[in-house]
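Asker: For the sequence shown, the positions run 1 to 184 when full-length UniProt numbering is used.
For reference, the structure I am asking about is given below.
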Amino acid sequence: MDRADEKAAATIAYLKEQNINTLMITGDAKTTGDAVAHALGIDEVFSNILPENKAEAITSLQTKYGKTAMVGDGVNDAPALVKADIGFAMGEGTDVAIDVADAVIMQNDLLKFEYVHKLAKKLNQIVWQNIIFAMGIVLLLSGLNIIGQMNIGLGVLAHEGSTLIVLVNGLRLLLPLKKSKKSV
Numbered sequence: 001m002d003r004a005d006e007k008a009a010a011t012i013a014y015l016k017e018q019n020i021n022t023l024m025i026t027g028d029a030k031t032t033g034d035a036v037a038h039a040l041g042i043d044e045v046f047s048n049i050l051p052e053n054k055a056e057a058i059t060s061l062q063t064k065y066g067k068t069a070m071v072g073d074g075v076n077d078a079p080a081l082v083k084a085d086i087g088f089a090m091g092e093g094t095d096v097a098i099d100v101a102d103a104v105i106m107q108n109d110l111l112k113f114e115y116v117h118k119l120a121k122k123l124n125q126i127v128w129q130n131i132i133f134a135m136g137i138v139l140l141l142s143g144l145n146i147i148g149q150m151n152i153g154l155g156v157l158a159h160e161g162s163t164l165i166v167l168v169n170g171l172r173l174l175l176p177l178k179k180s181k182k183s184v
């Protein structure tokens with residue numbers, strides 16, 4: 001495999017580790033689609049799909065699996081990119097694909113997809129940490145106030161201090177993500 005195929009295979013392996021189904025929708029013949037899918041480790045292939053039917057394929061995948069992402073680079077992929085819950089266009093793809101996609105992988109490096117997925121998971125984790133912490137502080141301060149045990153000065157200090165903690169916790173998103181051992 002050349003380098004691009006190694007990156008695609010590494011990305012697909014990562015997605016499988018995350019229990020994310022990988023599928024390929026292609027206009028190519030079944031033998032070609034199956035060979036590429038086998039080489040990259042893709043779970044399922046839809047071959048001989050006409051461009052106008054790619055969006056229908058996405059709809060059926062959404063029914064079967066729920067949230068669906070699509071990665072494409074050509075004019076023929078544009079309707080499916082629009083139909084997917086999130087569409088990713090490759091940076092060296094056609095202008096049409098880039099225009100309709102929700103996000104563009106500018107360097108044509110599928111390992112960026114892995115990075116974005118990890119970053120999104122980290123973002124979700126930090127947001128929930130911040131919500132739970134902030135609501136916990138508010139409930140604690142409200143409870144203490146209701147029973148008459150809250151000094152206004154300490155209450156303001158605790159509330160503003162918790163705001164700073166939430167801010168600092170959010171800044172953790174700026175730290176580099178841990179490198180995958182399998183990254184190419």
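Glycine included, C-beta positions come from ideal geometry on N, C-alpha and C.
(1) Quick check: the Cα distance between D109 and E17, rounded to an integer number of angstroms?
(2) Could you give the DSSP three-state label for G93: helix, strand or coil?
(3) In angstroms, rounded to a whole number, what distance separates the CA positions of S60 and A158?
(4) Have a look at Y56 and M70 and give me their C-alpha separation to the nearest angstrom.
(5) With DSSP as the reference, identify every bridge partner of F46, one or two as the case may be.
(6) Between V184 and the rest of its own chain, which residues show a CB-CB distance below 8 Å, the 5 nearest in sequence each way excluded?
(7) Out of L167, V168 and S142, point me to the one whose CA is closest to V156's CA.
(8) Please state whether the Cβ-Cβ distance between I105 and A89 is less than 9 Å.
(9) Among the residues of its own chain, which have a CB less than 7 Å from the CB of G74, if the five just before and after it don't count?
(10) Can you look up M150 in the DSSP assignment and give me helix, strand or coil?
(11) To the nearest angstrom, report how far apart H117 and L154 are at their CA atoms.
(12) In the structure shown, what three-state DSSP assignment does I98 receive?
Answerer: So, from the listed chains and residues:
(1) Straight through space, the alpha carbons of E17 and D109 are spaced by roughly 19 Å.
(2) Note: G93 maps to coil in three-state DSSP.
(3) So the two alpha carbons sit approximately 51 Å from each other.
(4) One point to set straight first is that residue 56 is Glu, not Tyr, in the sequence displayed. When the Cα atoms are used, E56 and M70 turn out to be separated by approximately 13 Å.
(5) Paired residue(s): I25.
(6) Because V184 carries a pLDDT of 44, less than 50, the predicted location of this residue cannot be relied on, and the following value inherits that uncertainty. Excluding residues up to 5 positions away in sequence, R3, E6, K7, A10 and L111 lie with their Cβ nearer than 8 Å to the Cβ of V184 in the same chain.
(7) When each option's Cα is compared against that of V156, the closest is S142.
(8) Yes, these two residues count as a Cβ contact at 9 Å.
(9) These residues qualify, in order along the chain: G93, T94 and A97.
(10) Note: M150 maps to coil in three-state DSSP.
(11) H117 and L154: Cα-Cα distance of roughly 40 Å.
(12) Three-state result, I98: helix.
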